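Protein chains: 2
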Amino acid sequence: MGVRERERVGRHRRGFLRYGAALGAAFVGSHADPLYAQRPENSSPTLADSTKKLGAPVGPYGERARFETAVRRQAKTPTNESSWTFTPLEDSRGIITPSALHFERHHGGIPILDPAKHKLMIHGLVERPLVLTVGEIHRLPAVSRIYFIECSGNTLTEWEKPTESGVQGTHGLTSCSEWTGVPLSLLLKEAGVQNGGTWIVAEGADAAVMTRSIPLEKAMDDILLAYGQNGEALRPEQGYPLRLVIPGWEGSAQVKWVRRLKVVDKPYMTREETSKYTDLMPDGTARRFTFVMEAKSVITTPSGDQRLPSVGFYEIRGLAWSGRGAVRRVEVSTDGGRNWSDARLEEPVLRHAHTRFCHPWRWDGRETILQSRCTDESGYVQPTREELVKQRGLHSYYHNNAIQSWKVSASGSVRNVHA
Amino acid sequence: MGVRERERVGRHRRGFLRYGAALGAAFVGSHADPLYAQRPENSSPTLADSTKKLGAPVGPYGERARFETAVRRQAKTPTNESSWTFTPLEDSRGIITPSALHFERHHGGIPILDPAKHKLMIHGLVERPLVLTVGEIHRLPAVSRIYFIECSGNTLTEWEKPTESGVQGTHGLTSCSEWTGVPLSLLLKEAGVQNGGTWIVAEGADAAVMTRSIPLEKAMDDILLAYGQNGEALRPEQGYPLRLVIPGWEGSAQVKWVRRLKVVDKPYMTREETSKYTDLMPDGTARRFTFVMEAKSVITTPSGDQRLPSVGFYEIRGLAWSGRGAVRRVEVSTDGGRNWSDARLEEPVLRHAHTRFCHPWRWDGRETILQSRCTDESGYVQPTREELVKQRGLHSYYHNNAIQSWKVSASGSVRNVHA
Chain V
23 MGVRERERVG
33 RHRRGFLRYG
43 AALGAAFVGS
53 HADPLYAQRP
63 ENSSPTLADS
73 TKKLGAPVGP
83 YGERARFETA
93 VRRQAKTPTN
103 ESSWTFTPLE
113 DSRGIITPSA
123 LHFERHHGGI
133 PILDPAKHKL
143 MIHGLVERPL
153 VLTVGEIHRL
163 PAVSRIYFIE
173 CSGNTLTEWE
183 KPTESGVQGT
193 HGLTSCSEWT
203 GVPLSLLLKE
213 AGVQNGGTWI
223 VAEGADAAVM
233 TRSIPLEKAM
243 DDILLAYGQN
253 GEALRPEQGY
263 PLRLVIPGWE
273 GSAQVKWVRR
283 LKVVDKPYMT
293 REETSKYTDL
303 MPDGTARRFT
313 FVMEAKSVIT
323 TPSGDQRLPS
333 VGFYEIRGLA
343 WSGRGAVRRV
353 EVSTDGGRNW
363 SDARLEEPVL
373 RHAHTRFCHP
383 WRWDGRETIL
393 QSRCTDESGY
403 VQPTREELVK
413 QRGLHSYYHN
423 NAIQSWKVSA
433 SGSVRNVHA
Chain Y
23 MGVRERERVG
33 RHRRGFLRYG
43 AALGAAFVGS
53 HADPLYAQRP
63 ENSSPTLADS
73 TKKLGAPVGP
83 YGERARFETA
93 VRRQAKTPTN
103 ESSWTFTPLE
113 DSRGIITPSA
123 LHFERHHGGI
133 PILDPAKHKL
143 MIHGLVERPL
153 VLTVGEIHRL
163 PAVSRIYFIE
173 CSGNTLTEWE
183 KPTESGVQGT
193 HGLTSCSEWT
203 GVPLSLLLKE
213 AGVQNGGTWI
223 VAEGADAAVM
233 TRSIPLEKAM
243 DDILLAYGQN
253 GEALRPEQGY
263 PLRLVIPGWE
273 GSAQVKWVRR
283 LKVVDKPYMT
293 REETSKYTDL
303 MPDGTARRFT
313 FVMEAKSVIT
323 TPSGDQRLPS
333 VGFYEIRGLA
343 WSGRGAVRRV
353 EVSTDGGRNW
363 SDARLEEPVL
373 RHAHTRFCHP
383 WRWDGRETIL
393 QSRCTDESGY
403 VQPTREELVK
413 QRGLHSYYHN
423 NAIQSWKVSA
433 SGSVRNVHA
């Protein structure tokens with residue numbers, strides 16, 4: 023294509039293309055080689071030709087492309103003592119988190135449990151104590167549900183000042199999977215809860231013997247004894263072979279590697295619901311058993327550590343979720359909170375699941391701040407940081423669901439700010 | 023617990039437990055050790071104790087449990103020439119197929135394509151031919167959708183007599199993922215389809231240069247140019263870095279490793295729509311361009327090669343899907359088709375997606391035949407094998423969506439039969 027042709031096409035481009043800046047695409051003339059499958063030698067020279075040799079064979083269990091290995095969970099302290107890793111939300115697509123990238127949180131390493139030997143005991147205030155094998159649990163009526171799990175410590179670094187540079191660090195302790203398991207209510211009915219049974223205490227088989235008290239009412243409502251994740255068995259770091267999945271509640275209560283459920287008459291005030299996983303309030307008292315994860319959202323692209331390569335079209339994308347049910351609305355501001363527009367919610371919008379939102383945006387090259395705000399089906403609106411701090415003070419670690427701000431500089435770089 | 027106590031509990035069990043036979047569970051007395059997290063030495067001796075040492079550390083990209091590696095895709099011919107593998111549906115949970123277990127089908131091996139070099143050309147009858155990089159495509163407005171993909175050759179061994187022993191072999195060429203990508207209509211509008219453009223020809227960058235003709239109408243409706251699968255990049259065997267996803271249509275048209283889309287005025291009658299992927303009818307003519315995958319369902323447990331260990335409760339589980347939209351109803355017969363009952367459909371029930379169905383069943387120990395039958399939103403009812411053969415004859419390879427029969431013997435063994 024000659025210079026004159028290029029100029030003509032260039033004008034076309036400016037004139038016609040809605041997504042011109044996203045499409046830095048080369049335009050080609052109408053002389054592309056004839057397309058015919060059986061003559062790959064006729065392929066356009068502008069396209070790399072991978073057709074000259076046979077590719078790789080099929081295999082029993084696939085791996086991701088070698089070009090994608092930079093997408094990984096990150097850990098502050100990759101140890102087998104108390105540790106955690108963050109999901110790379112900036113690279114997330116849709117609402118399902120790949121099991122290999124689901125955030126991790128454990129207090130004593132990941133136990134290796136043989137499903138042929140692992141058992142679950144249900145005892146305490148029940149008529150018929152049970153010890154169940156994993157195989158027996160697999161035979162019972164099961165359901166599958168897409169639910170997020172968020173660590174209540176997600177975003178804990180961001181109370182006082184912007185600390186983590188990217189969305190993986192600020193928000194990467196939430197993930198979303200399709201979980202399969204037996205409704206816990208079914209097992210509790212089999213065991214027969216006695217009068218006075220009002221809580222259950224769940225105990226994990228890990229070295230921390232992770233133990234949490236959970237109201238019986240929730241157990242009889244929608245808690246799952248899960249053994250499946252995204253179409254296969256739970257991953258080891260997610261509690262293989264059995265874990266609790268508690269829709270909408272903080273991750274630490276969803277005991278992994280669960281081996282005992284004791285029906286009791288009160289909460290047992292374990293370490294993880296007294297010295298940890300409580301919220302110190304401005305008046306010096308502590309909120310306890312703050313199970314529900316309130317509505318929250320975050321823009322995943324553009325987000326901190328990213329750079330906009332040029333002015334023009336971008337699709338702002340993010341995730342929203344609420345422990346109180348379904349996301350009803352997500353609004354996006356591209357001017358630091360002065361104006362808000364409704365984002366498009368990606369179907370399916372499911373209760374207690376990540377919801378993907380998208381919003382078209384044309385960047386004019388000027389400094390600005392991007393924010394998102396979630397409203398859930400209960401009418402709860404995600405607060406600004408100021409609103410949250412006013413209520414909760416600055417001595418909380420957990421349950422920071424404030425609106426996140428990403429500042430876009432004139433150079434296109436994006437960073438974490440408090441706005 | 024003494025003999026007398028056991029007898030008492032045994033009576034309780036028979037009296038109270040709805041799922042007694044599934045719960046071969048040991049019953050324990052009320053003397054289980056006190057539950058307290060900080061004293062793991064008090065754990066019940068009936069439970070394996072994994073709490074005495076720290077577990078494994080966190081990691082960047084997780085792997086499945088070592089105990090699960092028997093769950094794998096199977097190939098007749100694991101070669102890098104034309105080959106395929108089957109998804110192990112008998113172990114599937116929910117509706118998402120793990121990307122590592124998505125069935126494979128290629129005609130010349132899996133090409134290794136560098137996303138920094140791969141490009142897509144859109145040309146032919148368009149106003150503005152385009153060559154797009156993968157990065158440019160990532161910037162465009164995207165959607166995520168949960169869709170099944172089924173090879174039209176799924177179940178092709180089963181026309182004349184029962185051949186494959188298990189559901190992996192009979193039905194394992196269907197899988198379901200959350201796909202993320204750009205609506206193809208957006209790119210075609212950018213390119214500007216000229217008058218007379220009625221089809222597109224899609225070409226893959228594999229050694230087979232897989233090429234298929236697709237009606238423009240469908241491309242403008244709901245075809246995706248996909249780059250994401252289950253929350254991360256496409257897997258190499260699923261077309262990394264770019265493929266077509268065509269909701270409800272046969273897998274072979276959903277060209278993987280796509281590098282060219284040419285807008286044309288007629289179908290190009292390529293190899294894969296003439297000598298292959300057509301259906302020879304009883305009168306000697308051939309059906310061509312049979313894109314839509316008709317409604318189909320299969321019971322995944324119990325299914326061939328499995329064995330029922332005892333009489334009693336089982337949950338019959340299976341998958342249903344339809345290329346015409348959503349599954350409206352699945353019926354199950356546990357007596358070889360004489361009586362049918364509505365199965366429970368697992369939410370979410372999504373258009374062009376696998377739908378999980380479940381049905382409680384109490385096996386009395388006698389020989390019987392299990393079947394499932396899908397009805398979709400168009401009113402189409404999955405046919406019996408007799409009905410299908412009457413219409414299509416026995417010279418078809420593709421599009422066998424007949425009702426599957428699993429025979430349960432008095433010994434509990436399950437096998438593939440024509441009923």
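Line by line, the protein sequences give chains V and Y.
All residue numbers for the first sequence refer to our numbering, where the first residue is 23 and numbers rise by one.
All residue numbers for the second sequence refer to our numbering, where the first residue is 23 and numbers rise by one.
Glycine is no exception: its CB is placed at the ideal position from the N, C-alpha and C atoms.
None of these values were measured; they are calculated from a predicted model.
| Are at least three pairs of beta-carbons, each pair with one atom in the stretch 204 to 223 of chain V and one in the stretch 134 to 147 of chain V, less than 8 Å apart? | yes
| field | Three-state secondary structure assigned by DSSP to S187/V | value | coil
| said: Quick check on S66/V: does DSSP put it in helix, strand or coil? | reply: Note that S66/V scores 47 on pLDDT, short of 50, meaning its location in the model is unreliable; the coordinates nonetheless yield the value given after this. Residue state, collapsed to three classes: coil.
| task | Could you please tell me which residues of the stretch 255 to 288 of chain V, in chain order, have their CB closer than 7 Å to any CB of chain Y? | result | A255, R257, P258, E259, Y262, R281, R282 and K284
| said: If the cut-off is 7 Å on Cβ atoms, which residues from the stretch 160 to 177 of chain V count as contacting chain Y, listed in chain order? | reply: R161, L162, P163, A164, V165 and S166
| task | May I ask which residues mark the beginning and end of the beta strand (DSSP E) holding Q393/Y? | result | Segment T390 to D398, the beta strand (DSSP E) holding Q393/Y.
| field | Spatial neighbours of P304/V in its chain, beta-carbon cut-off 6 Å, leaving aside the 5 residues before and after | value | G415
| task | Give the DSSP bridge partners of S355/V, in chain order. | result | Q393/V
| field | Environment of H417/V [buried if 16+ CB atoms lie within 10 Å] | value | exposed
| query | How is R293/V classed by DSSP in three states: helix, strand or coil? | reply | helix
| Length at least 3, wholly inside the stretch 205 to 289 of chain Y: the beta strand (DSSP E) runs in chain order | 221 to 226, 233 to 237, 246 to 251, 265 to 267 and 280 to 286
| Beta carbon of V189/V, beta carbon of V349/V: below 8 Å? | no
| query | Any idea which residues DSSP pairs R309/Y with across the strands? | reply | D301/Y
| said: Can you check which of these residues, R388/Y, L330/Y, R346/Y and F379/Y, is closest to D357/Y by C-alpha distance? | reply: R388/Y
| field | Cβ distance (whole Å) where R150/V is taken to contact G214/V below 8 Å | value | Yes, R150/V and G214/V are in contact; Cβ-Cβ is about 5 Å, under 8 Å.
| query | Should P324/Y be flagged as near chain V, meaning a C-beta pair shorter than 8 Å? | reply | The C-beta of P324/Y comes no closer than 8 Å to any C-beta of chain V.
| query | At a CB-CB cut-off below 9 Å, which residues of chain Y make contact with L135/V? | reply | A70, S72, A87 and F89
| said: So, with DSSP's three-state summary, where would you put T406/Y? | reply: coil
| field | Residues that Y336/V bridges to, as DSSP identifies them | value | W383/V
| request: Check the Cβ-Cβ distances between Y299/V and every residue of chain Y, and say whether any is below 8 Å. | output: Not closer than 8 Å to any Cβ of chain Y, the Cβ of Y299/V fails to qualify, so no.
| request: In angstroms with no decimal places, state the Cα-to-Cα distance between N438/V and V314/V. | output: 26 Å
| request: Flag this pair as yes or no: are the beta carbons of I159/Y and L264/Y separated by less than 8 Å? | output: yes
| query | Hey, does S121/Y have any beta-carbon neighbour from chain V nearer than 8 Å? | reply | yes
| In terms of residues, what are the limits of the alpha helix (DSSP H) holding H160/Y? | Here the alpha helix (DSSP H) through H160/Y covers V156 to R161.
| said: Any beta carbon of chain V sitting closer than 8 Å to that of N252/Y? | reply: yes
| query | Just the Cα atoms here: how many angstroms apart are R234/Y and G261/Y? | reply | 15 Å
| Is T73/V helix, strand or coil by DSSP? | coil
| task | List the residues of chain V that E126/Y touches, going by C-beta distances under 9 Å, in chain order. | result | V80, G81 and G84
| query | Of all the residues that make up the stretch 98 to 112 of chain Y, which are near chain V by a beta-carbon distance shorter than 8 Å? | reply | P100, T101, N102, E103, S105, W106 and T107
| field | Cutoff 6 Å; reference Y41/Y; Cβ partners in own chain excluding five residues on either side | value | F335
| Where the beta strand (DSSP E) through I321/Y begins and ends | K318 to T323
| query | In chain Y, which residues lie with their C-beta within 7 Å of the C-beta of K75/V? | reply | A229
| message | For R329/Y and W106/V, what's the separation of their Cα atoms in angstroms? | response | As the crow flies, the alpha-carbon of R329/Y is around 41 Å from that of W106/V.
| field | For K141/V, three-class secondary structure by DSSP | value | strand
| First and last residue of the beta strand (DSSP E) that includes N102/Y? | Premise fails: N102/Y is in no beta strand (DSSP E) and is neither H nor E.
| field | For Q216/Y and R378/Y, the rounded distance between their alpha carbons | value | 43 Å
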